[in-house]
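A.B. asks: Just passing along the structure, written as structure tokens.
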DNA sequence: GAGTGGTCTAGACCACAGA
DNA sequence: CTGTGGTCTAGACCACTCT
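Residue numbers (the UniProt record's numbering), protein chains in the order written: chain A, 1 to 236; chain B, 1 to 236.
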């Protein structure tokens, strides 16, 4: 056998997806109740329930307790955008990752930073500026501020051996994060670091992380627009 | 009671997350087996299993059959980037959405398009160019090619009443999609349409969809960099 | 009240990893 | 072989919606 036998709940999921994909069940249409599917497949309700629950999580169907299950109105084309460690991302694609440390220092929070980190203005903040290269080509400029309370030894880290992302995940367990992706133009300093021209397009990701009680870190990640893109796929 | 009692499996999940979040269980550390948690909480194995299974899906822990469960090495900061219908997205934020139809026409596939759509060069393709506005401000320029086999009546659609995304999801059930997000510079035509200056930064999303046997559609969505960003959050 | 999904139990058998 | 997670059953009670 080349095809391993699928678990029962996967067969139910496949059946439902096939009905939807073929257009037989249109968005908004009712999906058979768990009891009906139970009969049809000769399975226990727990198994059918698992299948439908997973389809609901995937956004394929919408379930309302007491009412029923319907084919999701707008199939959310939702993919998981994984915000991964740049080192992992580069090496996984078979390239060589190197880091150039441009600055590692202790600074004082200005008014805006103080608000973001929920500290008072003038509080100590760690600051690092790193350039990440894939096979020698600049791919990400990482400008990061770190809350000393969350990672007291941050300034002593050897960033040629560990990335800030990796170090922080290890030492300041992540409880919350948010990101934003925008387009921008390279400023003079950014252009110089990334080896592009001033005014060239760049992708800017701003990322904030919370670790327990602390706002741990804020990073501005600048990617050369011509050399980097975020990609993803979605499968029904 | 302001706090509703949490389901048992949610309590188990919360406990595990709390242990990880507080740093008590570090990445790579073993998580108690299902049997142990079953004892500790006085629950059936199915319930404990559900909790751990969901944590695995969320990327909080890694499970290996026969081996055990460990705290995930790098907490994937993975959020679902939902590629939603622009109309939904704008109205949900309380703004008014309007569409300006710049072109709706039938064209012939050039070599590149033919390859993408898996058609022969010269085959018929539908083409639409729309400008989406939020409260009168241009927010997305949508340049889209559609496979007539997937949506024969595409040219007859009233795009002031329905967006192409919405129409296609309705008439060509989605089975697969892929996207790419890049930074670019506005060209002359794009700048004019979006009411920005030539050379201003733009976010460019390229999106392809497959519906059953057909490559259904390819769209190039251009957002003014200063007025749009992709955002997301992650919660442990 | 009938029908639906949400949760939970106390068992069971299996596939797989590691000693 | 023991311990682990993966799957599955045949019941059960509950919360909710709709009529």
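The beta-carbon is built from N, C-alpha and C at its ideal position, and this holds for glycine as well. All values derive from a computational prediction rather than experimental measurement.
Taking 8 Å as the CB-CB limit, is residue 170 of chain A close to chain B?
C.D. replies: For residue 170 of chain A, the answer is yes, since a Cβ of chain B falls inside 8 Å of its Cβ.
A.B. asks: One question on the structure: do residue 97 of chain A and residue 132 of chain A come within less than 8 Å of each other, judged by their Cβ atoms?
C.D. replies: Closer than 8 Å, so yes.
A.B. asks: Quick one: list the residues of chain B neighbouring residue 245 of chain A, beta-carbon separation under 9 Å, in chain order.
C.D. replies: Residue 245 of chain A falls outside the range modelled here, since chain A spans only 1 to 236, and no answer is possible.
A.B. asks: Which runs of the beta strand (DSSP E) spanning at least 3 residues fall entirely within the stretch 15-75 of chain A, listed in chain order?
C.D. replies: Within the stretch 15-75 of chain A, the complete beta strand (DSSP E) runs of at least 3 residues are 61-64, 68-71.
A.B. asks: State the DSSP-derived secondary structure class of residue 157 of chain B, mapped to helix, strand or coil.
C.D. replies: Of the three classes helix, strand and coil, the one that applies to residue 157 of chain B here is coil, per DSSP.
A.B. asks: DSSP state of residue 112 of chain A, grouped into three classes?
C.D. replies: Three-state DSSP puts residue 112 of chain A in a helix.
A.B. asks: Would residue 209 of chain B and residue 174 of chain B qualify as a contact pair, given that the criterion is a beta-carbon distance under 8 Å?
C.D. replies: Yes, Cβ-Cβ distance for residue 209 of chain B and residue 174 of chain B is below 8 Å.
A.B. asks: Within 10 angstroms of its Cβ, does residue 251 of chain A collect 16 or more other Cβ (buried), or is it exposed?
C.D. replies: Absent from the structure is residue 251 of chain A, since the part of chain A shown begins at 1 and ends at 236.
A.B. asks: Give the DSSP-derived three-state secondary structure of residue 196 of chain B in the structure shown.
C.D. replies: Coil at residue 196 of chain B, not helix or strand.
A.B. asks: Work out the CA separation of residue 115 of chain B and residue 44 of chain B for me, nearest whole Å.
C.D. replies: When rounded, the distance between both Cα atoms is 55 Å.
A.B. asks: Mind checking if residue 175 of chain B is an interface residue toward chain A, Cβ cutoff 8 Å exclusive?
C.D. replies: By this cut-off, residue 175 of chain B is an interface position.
A.B. asks: May I ask you to check if the CB of residue 8 of chain B is nearer than 7 Å to at least one heavy atom of the ligand GTP?
C.D. replies: No copy of the ligand GTP occurs in the structure displayed, which carries no ligand at all.
A.B. asks: Under 8 Å between C-beta atoms, does residue 133 of chain A make it to chain B?
C.D. replies: No, its Cβ sits nowhere closer than 8 Å to a Cβ of chain B.
A.B. asks: Is the Cβ-Cβ distance between residue 64 of chain B and residue 25 of chain B less than 8 Å?
C.D. replies: No. Outside cutoff.
A.B. asks: Counting only C-beta atoms, is residue 65 of chain A closer than 8 Å to chain B at any point?
C.D. replies: No, because no Cβ of chain B sits closer than 8 Å to the Cβ of residue 65 of chain A.
A.B. asks: What does the alpha-carbon distance come out to for the pair residue 163 of chain A and residue 125 of chain A?
C.D. replies: So the alpha carbons of these two residues sit roughly 18 Å apart.
A.B. asks: With distances taken between CB atoms, is the gap from residue 181 of chain B to residue 230 of chain B smaller than 8 Å?
C.D. replies: Yes. Within cutoff.
A.B. asks: Decide if residue 311 of chain A is buried, meaning its Cβ has at least 16 other Cβ atoms within 10 Å, or exposed.
C.D. replies: Residue 311 of chain A lies beyond the residue range present for chain A, which begins at 1 and ends at 236; the question has no answer from this structure.
A.B. asks: What residue from B:203, B:104, B:106, B:153 has the CA that sits closest to residue 170 of chain B's CA?
C.D. replies: Taking only the C-alpha atoms, the option nearest residue 170 of chain B is B:153.
A.B. asks: Along chain B, in chain order, which residues have C-beta atoms closer than 9 Å to that of residue 142 of chain A?
C.D. replies: Within chain B, no residue comes near residue 142 of chain A; the closest Cβ sits about 15 Å away, beyond 9 Å.
A.B. asks: According to the Cβ coordinates, are residue 211 of chain B and residue 172 of chain B closer than 8 Å?
C.D. replies: Yes, Cβ-Cβ distance for residue 211 of chain B and residue 172 of chain B is below 8 Å.
A.B. asks: Measure the beta-carbon distance from residue 166 of chain B to residue 87 of chain B and round it to whole angstroms, keeping in mind my assumption that it falls under 8 Å.
C.D. replies: Rounded, the Cβ-Cβ distance is 7 Å, consistent with contact.
A.B. asks: DSSP three-state label for residue 164 of chain A, please.
C.D. replies: Helix at residue 164 of chain A.
A.B. asks: Looking at residue 155 of chain A and residue 104 of chain A, is the spacing between their C-beta atoms short of 8 Å?
C.D. replies: Contact: yes.
A.B. asks: According to DSSP, which residues form a beta bridge with residue 143 of chain A?
C.D. replies: A:129, A:220.
A.B. asks: Using a Cβ-Cβ cut-off of 8 Å, state whether residue 201 of chain B counts as contacting chain A.
C.D. replies: Residue 201 of chain B counts as touching chain A.
A.B. asks: Give the range of the alpha helix (DSSP H) segment to which residue 175 of chain A is assigned.
C.D. replies: That residue, residue 175 of chain A, is in no alpha helix (DSSP H); it is neither H nor E in DSSP.
A.B. asks: To the nearest angstrom, how far is the alpha carbon of residue 112 of chain B from that of residue 123 of chain B?
C.D. replies: Going from the Cα of residue 112 of chain B to the Cα of residue 123 of chain B covers about 12 Å.
A.B. asks: Quick one, which of A:61, A:49, A:138, A:148 has its alpha-carbon nearest residue 20 of chain A's?
C.D. replies: It is A:61 whose Cα lies nearest to the Cα of residue 20 of chain A.
A.B. asks: Can you confirm whether residue 230 of chain A, when its beta carbon is compared against all beta carbons of chain B, has any partner nearer than 8 Å?
C.D. replies: Yes, residue 230 of chain A lies at the interface with chain B (some Cβ there is under 8 Å from its Cβ).
A.B. asks: What does the alpha-carbon distance come out to for the pair residue 48 of chain A and residue 9 of chain A?
C.D. replies: Rounded to the nearest angstrom, the two C-alpha atoms are 6 Å apart.
A.B. asks: Rounded to whole angstroms, what is the Cα-Cα separation between residue 138 of chain A and residue 129 of chain B?
C.D. replies: If you take the alpha carbons of residue 138 of chain A and residue 129 of chain B, they lie about 35 Å apart.
A.B. asks: Residues of chain B with CB under 8 Å from residue 20 of chain A, in chain order?
C.D. replies: Here the neighbours are 173.
A.B. asks: Using 8 Å as the limit for Cβ to Cβ distance, is residue 34 of chain A near chain B?
C.D. replies: With 8 Å as the cut-off, residue 34 of chain A does not count as an interface residue toward chain B.
A.B. asks: Taking 7 Å as the limit between beta carbons, can you name the residues of its chain near residue 34 of chain B, skipping five residues before and five after?
C.D. replies: If we look at residue 34 of chain B and ignore the five residues flanking it on each side, its Cβ neighbours are 45, 48, 49, 52.
A.B. asks: Can you tell me which of A:193, A:55, A:101 puts its alpha carbon nearest to the alpha carbon of residue 159 of chain A?
C.D. replies: The shortest Cα separation from residue 159 of chain A among A:193, A:55, A:101 belongs to A:101.
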